[in-house]
Structure formats: structure tokens, C-alpha cells
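Colleague:
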């Protein structure tokens with residue numbers, strides 16, 4: 003603005019009045035300022051203006067776990083679509099499942115005075131955000147709840163979905179079910195494991211901790227764990243994988259070994275119907291998860307001050323994979 007004022011030969015106050023559309027500026031001065039603006043390529047900085055005035059910035063922040071994960075890509079896409087409908091820009095950042103990085107990124111977004119935050123939490127303590135909430139920054143947590151902070155939350159029915167899936171395995175006669183999960187420090191993993199236990203107890207199937215493996219991070223590790231379990235004298239007749247990356251490793255090893263063990267996987271995925279092994283997936287609408295959370299955030303931005311709420315979205319069981327071929331049938 004100083005450069006514009008110098009080029010136009012006017013005061014800095016005059017430049018400010020022109021670019022902020024303040025009335026009653028002499029037309030000749032307006033023309034000189036606008037000509038200097040065009041020559042210098044000046045652009046008004048709405049973020050700086052909002053910091054000074056306390057007005058909305060027309061931006062919201064989204065913190066996700068891992069940009070490369072298709073689940074979070076769908077979350078980001080759906081949130082961006084809703085933000086666009088509200089003439090708002092979406093800023094996306096990834097915590098890489100690091101609570102310290104999450105804390106820094108959320109503080110940075112708040113410092114930029116975003117109008118609201120959508121958060122897929124990595125850590126379990128978000129009390130550091132309490133001051134921002136009290137100052138009026140709306141926040142909605144999705145997929146996992148906040149820790150130490152009362153806030154709007156949109157979740158999947160992780161426990162109910164797992165319960166329904168494992169119940170189906172039990173009804174099919176399975177009594178030894180291998181369970182593979184990422185980390186019990188993750189809320190969704192704990193809920194899904196609890197759901198499995200909920201299904202076993204009423205059927206009189208004992209919960210065998212030897213059939214539960216924690217720390218399965220990727221398909222290769224999942225394949226290795228399945229191989230170990232199948233080599234036991236009393237191997238599982240079914241496997242429950244608690245996310246889609248684990249499911250891929252389970253199917254790979256079962257197919258390699260020609261095993262007919264049943265597979266139940268939490269999360270649907272694009273090629274699930276093409277995998278060479280029958281399986282059941284616990285599916286849900288990831289885009290609806292994001293849309294629900296984002297619309298709730300905009301209601302808060304618009305002035306809704308009702309008590310924070312928790313919304314739980316349903317899951318469903320879907321048969322996927324290739325049906326086993328009988329001997330003698332052409333492919």
C-alpha cells in the first residue's frame with residue numbers, strides 16, 4: 003500500500019479508503035489509486051484485514067491423518083465440495099498420525115484465524131484448544147472424538163459394524179477367528195475390537211487373546227501374521243481385519259496358500275469386488291461422514307450455539323470378492 007501511495011502521489015490513508023471501498027473519495031484520486039494498483043499488481047490481503055477487524059476469513063481448516071490414504075482423500079474431497087457451496091476456501095494439512103505435529107498444525111491454523119476447524123485427531127488430548135473454542139472458533143471432530151475437549155463429533159458406528167460382522171461369522175459356524183488390528187491406541191481400533199467381543203460372548207465363543215494381533219501396520223505384516231496363524235495346530239477358520247490395508251495382506255496370504263478361511267474386513271475399497279477370495283466388508287459412506295461434519299461446522303460458523311452433539315453414521319455388510327470356482331469350470 004505504501005508503494006501504491008507513492009506511485010499515485012496520494013496518502014496511505016487515501017489508498018486504504020479506495021481499496022476498502024470507503025465512500026466519498028474524490029473520483030480523480032480513485033482513478034489514480036486504481037491505476038497504481040493495476041501497474042503494481044497490488045492485491046488486497048483479506049486475511050490481514052480480518053486479523054485487524056475480527057471479521058470472517060472465508061477459510062476453514064481440515065486436519066487429516068494421511069493424505070495418501072484413499073479414505074482421507076474422500077474426506078478432503080467431500081469437505082471441499084461443501085466449503086465451495088459456502089464460498090469458503092478449505093486449507094488441508096496432514097498430521098501423519100503424530101500428536102505433536104497435530105498440535106502444531108492446529109495452532110498454526112488458529113493463528114491464521116480460520117473460521118472453523120475440521121479435525122481427524124491423532125492424539126488423545128485436545129485440551130490445548132479449549133481457549134480457541136472459548137474465543138469462538140468452531141470445531142468439529144470426525145472419525146474419532148476429541149480428548150479432553152467438549153466438541154461436536156461425527157463418528158461411524160465402529161462397534162455396531164464389527165458386532166454385526168463377527169456375529170455373521172459365528173452364525174456360519176466359526177469359533178476360531180483371528181483378529182488383526184493396527185494399534186489399540188487408536189479409538190476406531192478399540193471400538194471395532196470391542197464390537198467383535200460383543201458378538202462372541204452371547205454365542206458362547208471364548209475370547210482368545212492368542213488370536214488377536216496388535217501392531218499390524220501394512221499388508222506385508224498382515225500376510226506374515228496370517229501365515230503364522232495358519233501354521234498353528236489349530237488355525238483360525240476365519241479372519242477379521244480391522245482396516246482395509248490389513249485386509250489386502252490377509253487375502254494375499256490366504257490366496258497364496260489356497261486357504262478357504264473366511265474373511266471379514268472393516269472398510270470397503272475400490273477393488274474389493276475383484277479380489278480372488280470371497281470376503282465380507284463392513285462398509286460406510288466416507289463422503290457422508292465428511293459432508294455431515296462440514297455442514298455441522300458451517301452451522302456453527304453461522305451462529306448455532308446449541309450444546310455440542312455427537313452424530314453416529316451407520317455401517318452395512320456387503321459381500322465382495324470372487325466366489326470360489328468349482329473344479330472343472332472354465333474361468
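Numbering (the working numbering), first residue to last: 3 to 333.
Ideal Cβ positions, reconstructed from N, Cα and C, are used throughout, including at glycine.
Here the structure is a predicted model, which is why all the values come from computation and not from measurement.
According to the Cβ coordinates, are residue 74 and residue 66 closer than 9 angstroms?
Modeller: Position 72 of the chain shown holds residue 74. Position 64 of the chain shown holds residue 66. Their beta carbons are under 9 angstroms apart, which means residue 74 touches residue 66 by this criterion.
Colleague: State the Cα-Cα distance for the pair residue 120 and residue 87, rounded to the nearest angstrom.
Modeller: Here residue 120 refers to the residue found at position 118 of the chain shown. Here residue 87 refers to the residue found at position 85 of the chain shown. For residue 120 and residue 87, the distance between alpha carbons rounds to 16 angstroms.
Colleague: Which same chain residues end up closer than 7 angstroms to residue 335 when comparing Cβ atoms and leaving out the 5 residues on each side of it in sequence?
Modeller: This structure cannot settle anything about residue 335, because the visible part of the chain is limited to 3 through 333.
Colleague: Between the C-alpha atoms of residue 219 and residue 82, what's the straight-line distance to the nearest angstrom?
Modeller: Here the question's residue 219 lines up with position 217 in the chain shown. Here the question's residue 82 lines up with position 80 in the chain shown. For residue 219 and residue 82, the distance between alpha carbons rounds to 29 angstroms.
Colleague: Whose C-beta lies closer than 7 angstroms to the C-beta of residue 146 among residues of the same chain, with five residues either side of it excluded?
Modeller: Here residue 146 refers to the residue found at position 144 of the chain shown. These residues qualify, in order along the chain: 122, 123, 189 and 190.
Colleague: Buried or exposed for residue 16, please, with buried defined as at least 16 other CB atoms from any protein chain shown within 10 angstroms of its CB.
Modeller: In the chain shown, the residue the question calls residue 16 occupies position 14. That one is buried.
Colleague: When DSSP builds the beta bridges, which residues end up paired with residue 95?
Modeller: Taking the chain shown and counting its residues from 1, the one referred to as residue 95 is at position 93. For residue 95, which the question treats as bridged, DSSP gives the partners 65.
Colleague: How is residue 336 classed by DSSP in three states: helix, strand or coil?
Modeller: A query on residue 336 cannot be resolved here, the shown segment of the chain reaching from 3 to 333 and no further.
Colleague: For residue 225 versus residue 252, is the C-beta spacing smaller than 9 angstroms?
Modeller: Counting from one through the chain shown, the residue named residue 225 turns up at place 223. Counting from one through the chain shown, the residue named residue 252 turns up at place 250. In this structure, residue 252 lies closer than 9 angstroms to residue 225 by Cβ.
Colleague: I believe residue 157 touches residue 317 by the beta-carbon criterion, under 8 angstroms. Please report the beta-carbon distance rounded to the nearest angstrom.
Modeller: Taking the chain shown and counting its residues from 1, one reaches residue 157 at position 155. Taking the chain shown and counting its residues from 1, one reaches residue 317 at position 315. With a Cβ gap of about 11 angstroms, residue 157 and residue 317 do not count as contacting.
Colleague: Please tell me whether residue 116 and residue 298 are closer than 9 angstroms, where the distance is taken between their beta carbons.
Modeller: Along the chain shown, read from residue 1 onward, the residue named residue 116 stands at position 114. Along the chain shown, read from residue 1 onward, the residue named residue 298 stands at position 296. A distance of 9 angstroms or more separates the beta carbons of residue 116 and residue 298.
Colleague: Which first and last residues belong to the beta strand (DSSP E) in which residue 264 is found?
Modeller: For the purposes of this step, residue 264 is taken as the residue at position 262 of the chain shown. Start and end: 264-268.
Colleague: Look at the alpha carbon of residue 249 and the alpha carbon of residue 276, and state the distance between them as a whole number of angstroms.
Modeller: As a working note, residue 249 is residue 247 in the chain shown. As a working note, residue 276 is residue 274 in the chain shown. Distance between the alpha carbons of residue 249 and residue 276: 13 angstroms.
Colleague: Could you tell me whether the Cβ atoms of residue 168 and residue 200 are closer together than 9 angstroms?
Modeller: To locate residue 168, count along the chain shown from 1; it is residue 166. To locate residue 200, count along the chain shown from 1; it is residue 198. It is a contact, given that the beta carbons lie within the stated cut-off.
Colleague: Report the residue from 319, 10 and 25 whose alpha carbon sits nearest the alpha carbon of residue 44.
Modeller: Locating residue 44 in the chain shown gives position 42, where the first residue counts as 1. Of the listed residues, the one whose Cα sits closest to residue 44 is 10.
Colleague: Count the other C-beta atoms from every protein chain shown that fall within 10 angstroms of the C-beta of residue 274, then say buried if there are 16 or more, exposed otherwise.
Modeller: Translated into positions along the chain shown, residue 274 becomes position 272. When all chains shown are included, residue 274 counts as buried.
Colleague: State the beta-bridge partners of residue 242 as determined by DSSP.
Modeller: In the chain shown, residue 242 corresponds to position 240, counting from 1. Per DSSP, 181 and 266.
Colleague: Please classify residue 14: is it buried, with 16 or more other beta-carbons within 10 angstroms of its beta-carbon, or exposed?
Modeller: Stepping through the chain shown from its first residue, residue 14 is reached at position 12. Under this definition residue 14 is an exposed residue.
Colleague: Short check: CB of residue 286 to CB of residue 315, under 9 angstroms?
Modeller: As a first step, residue 286 is located in the chain shown; it is residue number 284 there, counting from the start. As a first step, residue 315 is located in the chain shown; it is residue number 313 there, counting from the start. Taking 9 angstroms as the Cβ cut-off, residue 286 and residue 315 qualify as a contacting pair.
Colleague: Classify residue 44 as helix, strand or coil using the three-state DSSP reduction.
Modeller: Within the chain shown, residue 44 is the residue found at index 42, counting from 1. Correct three-state label for residue 44: coil.
Colleague: Grouping DSSP H, G and I as helix and E and B as strand, with all else coil, what is residue 143?
Modeller: Here residue 143 corresponds to residue number 141 of the chain shown, with the count starting at 1. Looking at residue 143 - three-state DSSP - the assignment turns out to be strand.
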